[in-house]
Amino acid sequence: MASPLSMLLSLFGIHSSAEQIGRLVLETRERVEKLAESLRRLAQADK
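Everything in the sequence shown is counted per my numbering, starting at -9 for the first residue and increasing by one.
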């Protein structure tokens, strides 16, 4: 039996494993953190 999450994702045409999704989430979080760090540096440079 498929999990409710995988059934929901398949409705949106996303057919990937929880491992792939987890990796994507981690990569996205890393990018967001790097972006936030860059923005903080820019804000410091403006002062």
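Every residue, glycine too, gets a C-beta built ideally from N, C-alpha and C. This structure is a prediction, so every number in the text was calculated from the model and none was measured.
Classify Ser28 as helix, strand or coil using the three-state DSSP reduction. Taking the first residue of the sequence shown as position 1, residue 28 is located at position 38. Helix, per DSSP.
field: Distance between Ala35 and Ile11 (C-alpha atoms, nearest Å)
entry: Looking up residue 11 in the sequence shown gives position 21. Looking up residue 35 in the sequence shown gives position 45. Approximately 36 Å, taken between the alpha carbons.
Simplified DSSP state of Glu(-7), which is helix, strand or coil:
Within the sequence shown, the letter at position 3 stands for residue -7. Note that residue -7 is Ser in the sequence shown, not Glu. Here Ser(-7) sits in coil by DSSP.
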